[in-house]
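As structure tokens, the structure follows; a few thoughts come after it.
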Amino acid sequence: MAIIAQDRIQAAKQDGVLLLGLNHPPLNTLDHPLRQQLHDALQAAAEDASVQAIVLHGTQGNFSAGADIREFDQPRQAPWAGDLASLIAASGKPVVAALEGVALGGGLELALAAHARVGSASARLGLPEVKLGLLPGGGGTQRLPRLIGAAHALPLILEGRSVDGKAALALGLLDQVCDEAGLLDCAVRKARALCAGNPVSRRDTSSSSEVQAGLAALAAQRQRLAAKPHVLPAQRLLLDCLQAALEQPLKDGLKFERDAFLQCVASAEHKGLAHAFFAERQAGKSPAGQARPRPVQRAGVIGGGTMGAGIAVAMLGAGLDVVLIERDAAALQSGRERIDGIYQRQIKSGRLDAAALDRHLSRLSAATDYAALSTADLVVEAVFEDMDVKTQVFAQLDRVCKPGAILATNTSYLDINQIARSISRPQDVIGLHFFSPANIMKLLEIVVPEQVADDVVATGFALARRLGKVPVRAGVCDGFIGNRILYVYREAANHMMEDGASPYQIDQALERFGYAMGPFRTADLTGGDIGWATRKRKAPTRPPEARYVRVADRLCERGWFGQKTGRGYYLYPERGQRGKPDADVLALIDEERAARGITARAFSDEDIVRRYMAALINEAAKVLDDGIALRPADIDAALVNGYGFPRWRGGPMKYADDAGLAAVLADIESYAKEDAAFWAPAPLLQRLAREGSTFGKLNQPQ
Ligand code: 3H9
Numbered sequence: 001m002a003i004i005a006q007d008r009i010q011a012a013k014q015d016g017v018l019l020l021g022l023n024h025p026p027l028n029t030l031d032h033p034l035r036q037q038l039h040d041a042l043q044a045a046a047e048d049a050s051v052q053a054i055v056l057h058g059t060q061g062n063f064s065a066g067a068d069i070r071e072f073d074q075p076r077q078a079p080w081a082g083d084l085a086s087l088i089a090a091s092g093k094p095v096v097a098a099l100e101g102v103a104l105g106g107g108l109e110l111a112l113a114a115h116a117r118v119g120s121a122s123a124r125l126g127l128p129e130v131k132l133g134l135l136p137g138g139g140g141t142q143r144l145p146r147l148i149g150a151a152h153a154l155p156l157i158l159e160g161r162s163v164d165g166k167a168a169l170a171l172g173l174l175d176q177v178c179d180e181a182g183l184l185d186c187a188v189r190k191a192r193a194l195c196a197g198n199p200v201s202r203r204d205t206s207s208s209s210e211v212q213a214g215l216a217a218l219a220a221q222r223q224r225l226a227a228k229p230h231v232l233p234a235q236r237l238l239l240d241c242l243q244a245a246l247e248q249p250l251k252d253g254l255k256f257e258r259d260a261f262l263q264c265v266a267s268a269e270h271k272g273l274a275h276a277f278f279a280e281r282q283a284g285k286s287p288a289g290q291a292r293p294r295p296v297q298r299a300g301v302i303g304g305g306t307m308g309a310g311i312a313v314a315m316l317g318a319g320l321d322v323v324l325i326e327r328d329a330a331a332l333q334s335g336r337e338r339i340d341g342i343y344q345r346q347i348k349s350g351r352l353d354a355a356a357l358d359r360h361l362s363r364l365s366a367a368t369d370y371a372a373l374s375t376a377d378l379v380v381e382a383v384f385e386d387m388d389v390k391t392q393v394f395a396q397l398d399r400v401c402k403p404g405a406i407l408a409t410n411t412s413y414l415d416i417n418q419i420a421r422s423i424s425r426p427q428d429v430i431g432l433h434f435f436s437p438a439n440i441m442k443l444l445e446i447v448v449p450e451q452v453a454d455d456v457v458a459t460g461f462a463l464a465r466r467l468g469k470v471p472v473r474a475g476v477c478d479g480f481i482g483n484r485i486l487y488v489y490r491e492a493a494n495h496m497m498e499d500g501a502s503p504y505q506i507d508q509a510l511e512r513f514g515y516a517m518g519p520f521r522t523a524d525l526t527g528g529d530i531g532w533a534t535r536k537r538k539a540p541t542r543p544p545e546a547r548y549v550r551v552a553d554r555l556c557e558r559g560w561f562g563q564k565t566g567r568g569y570y571l572y573p574e575r576g577q578r579g580k581p582d583a584d585v586l587a588l589i590d591e592e593r594a595a596r597g598i599t600a601r602a603f604s605d606e607d608i609v610r611r612y613m614a615a616l617i618n619e620a621a622k623v624l625d626d627g628i629a630l631r632p633a634d635i636d637a638a639l640v641n642g643y644g645f646p647r648w649r650g651g652p653m654k655y656a657d658d659a660g661l662a663a664v665l666a667d668i669e670s671y672a673k674e675d676a677a678f679w680a681p682a683p684l685l686q687r688l689a690r691e692g693s694t695f696g697k698l699n700q701p702q
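Here it is as structure tokens:
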């Protein structure tokens, strides 16, 4: 029978070895046409007497990123990835998988079913399904533990971590690491060896010691999950699947896994996580169209404070040459010490080794003279948040930087249009708003002032990608997207505190909702003095009718700035300890209530979450109306990656759609009876609610 070759599968024959190439670029996601064509090709190969063995590979540098996530919303169509894996495993002719680029999820599951696996050293192998609220549903929870042992399989599946080719070889996940250019030849040789009856050696994962180790690892993980405030259904279910792998025959285990997978697909957590995944991809596309990014290799960072040091580390980690600028030798020394401190913590936690540290440090230089920036392709200033200070820095940059250098500010709220107008090259000025700690936090707001050139915007997005950040385009206003919205929902929390809910109840309600930390605990962590300075700055322009809660100011007046001073909203008797409620703070809040004639009333946890979310969603809708954010997905990506919004809920705009916009608006209108200025409904929210529409619809291209 002839070998079928269609668009998604390329077939070629090499002396009796059939090469089947997955050909659905860029990532060979296993959509239905690909699955069907692979199924047909495998069946045809089984019947073709001239085929002795099969090599499965990717045609354009990637094996496969796994199932096509978009299909999970649609009616399921056979054959499944699991059916294909079973077909491969049952093949009477040896199948060898040749892995390069990504081999993830359902892609790796096909490879796990093969009789041998070879791969390049740089290939990324993993089962990341849990990050989407899923578990491997194509046999991965059954075949991976049988191949490498449940104790080794468990962390890979539970954390969704990927490993490179070398690590995969050490685990027994690959049988051989091959030179990238010779990968296919290497796979063909392996296939011939299998035909010649030379099996690959395998670890015995069925021994009782392996099984005991696996069961112990599972029990430990169950305990760890039991202590967590929120666990995904997928996390619990995948432990059950791994247990089934240890206790049941493969056939039963596969059936168990398939049922568990379908439960995960139906879960709200999967829908939220898939939404966050696509929101990040949508937000990450440069709005500058076809503009090509300017080349960036040499970067300057001005200011070696917490932000500057974190930005420098992020850039060094991405392979850039960095020159750190400070005003004098002592400040430069502290900046370098901050950078060293970050690296020491990375070494201690095993995230960095000595060789990588040397590589990073060899690309770092430091200077007090701005002349050192004359060859920089891009400069980010992270100096004190003051317009005069910033414009002085930009005036110096205007003098020393080469033509075409990108001049970026890391300001969190200042008017970047004003900064841009203050120099002779406003087209080169952009906002790159990093979040602290800048080497860790994923969000990068790319703030676009009026006169910025398209290729500068494109460069911001390209840089973010290189740094491993999630870029989100933001317009210029006080606070851009994230801080502008944050300011409003934090105010809602303050109002509730003054009206009767304790900061401890508010934190607890929001932590139960899914935030890792409630707003008052977060304020204690970041330090009350920062917000205090902002409030003082804004005092002259605060509308007289706006409600102002003074509790935070009164804490600051006493020097209670949070963790760093041993007390804030909470008491911290010992450094690093979780804060304890403080009766003095409650008394101070009572005093404030008395001074304003407020009688404390009770809030349920649900009331707290509804008000907090209503304030967030309302301001987010205003941010959209003002064009500060282009799409609801951008707000979701920003709040999930920079503000601790629970990722498994997808983002606040997705949450609003799930709650129903009419219901959110009804809440806002009822709160507006108490405080019409604060709760003025966003016109966009009113319109969408009236039309029975959703924020999600605004994400679709018009
Ligand atoms: C699974 O396999 C279940 C099985 O166990 C069971 C089956 C029964 N589906 O990220 P990029 C799109 S679950 C659909 O910018 P990169 C992405 O949206 C799956 N689309 O590239 C974008 O489209 P657009 C397990 C996908 O190089 C384009 O591809 N697998 C998928 O920065 C480029 O993506 C995973 O969880 C997908 N699976 O990063 C892997 N993947 O241009 C998920 C990507 O229209 N994927 N797209 O916006 C990733 O982590 C990254 O995409 C990857 C490449 C690291 C692979």
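The sequence shown begins at 1 in UniProt numbering and counts up by one.
Virtual Cβ for every residue (Gly too), placed ideally from N, Cα, C.
Residue i: CB within 7 Å of a non-hydrogen atom of the ligand 3H9
| i | result |
| --- | --- |
| residue 130 | no |
| residue 237 | no |
| residue 102 | yes |
| residue 281 | yes |
| residue 70 | yes |
| residue 173 | no |
| residue 278 | yes |
| residue 109 | yes |
| residue 80 | yes |
| residue 136 | yes |
| residue 65 | yes |
| residue 22 | no |
| residue 27 | yes |
| residue 106 | yes |
Beta-carbon contacts of residue i that lie in its chain and below 6 Å, excluding the five residues immediately before and after
| i | result |
| --- | --- |
| residue 2 | Residue confidence for residue 2 is low, a pLDDT of 47 falling below 50, so the modelled location carries little weight and cannot support an answer. |
| residue 503 | 497, 520 and 569 |
| residue 7 | none |
| residue 79 | 35 and 39 |
Residues near residue i in its chain [Cβ-Cβ closer than 8 Å; skip 5 each side]
| i | result |
| --- | --- |
| residue 550 | 592 |
| residue 269 | 133, 232, 233, 234 and 648 |
Rounded distance between the beta-carbons of residue j and residue i, thought under 8 Å
| i | j | result |
| --- | --- | --- |
| residue 281 | residue 304 | 34 Å between Cβ atoms; not a contact. |
| residue 492 | residue 596 | Not really, about 17 Å apart at Cβ, beyond 8 Å. |
| residue 118 | residue 190 | 6 Å |
| residue 652 | residue 636 | 7 Å |
Proximity below 8 Å, CB of residue i to CB of residue j
| i | j | result |
| --- | --- | --- |
| residue 140 | residue 158 | no |
| residue 309 | residue 489 | no |
| residue 472 | residue 430 | no |
| residue 567 | residue 582 | yes |
| residue 477 | residue 628 | yes |
| residue 393 | residue 481 | no |
| residue 240 | residue 213 | no |
| residue 456 | residue 499 | no |
| residue 650 | residue 276 | yes |
| residue 45 | residue 93 | yes |
| residue 112 | residue 65 | no |
| residue 342 | residue 439 | yes |
| residue 114 | residue 97 | yes |
Extent of the continuous alpha helix (DSSP H) to which residue i belongs
| i | result |
| --- | --- |
| residue 209 | 208–226 |
| residue 604 | Taken as a continuous stretch (DSSP letters only), residue 604 belongs to no alpha helix (DSSP H), as it is neither H nor E. |
| residue 381 | No alpha helix (DSSP H) holds residue 381; the beta strand (DSSP E) holding it covers 378–381. |
| residue 556 | 551–557 |
| residue 521 | 519–526 |
| residue 340 | 329–348 |
| residue 54 | Careful: residue 54 lies outside any alpha helix (DSSP H), inside the beta strand (DSSP E) at 53–58. |
| residue 178 | Segment 176–178 is the beta strand (DSSP E) holding residue 178; no alpha helix (DSSP H) there. |
Close beta carbons around residue i, own chain, < 7 Å, minus the five adjacent residues each side
| i | result |
| --- | --- |
| residue 160 | 126, 127, 128, 129, 130 and 131 |
| residue 316 | 322, 360, 363 and 364 |
Limits of the beta strand (DSSP E) - the one that residue i falls within
| i | result |
| --- | --- |
| residue 409 | 406–409 |
| residue 93 | Premise fails: residue 93 is in no beta strand (DSSP E) and is neither H nor E. |
| residue 186 | Run containing residue 186: none in the beta strand (DSSP E); it sits in the alpha helix (DSSP H), 183–195. |
| residue 433 | 429–434 |
Residue i Cβ short of 7 Å to the ligand ATP heavy atom set
| i | result |
| --- | --- |
| residue 141 | Absence of the ligand ATP is noted for the structure shown, with the ligand 3H9 being the only ligands found. |
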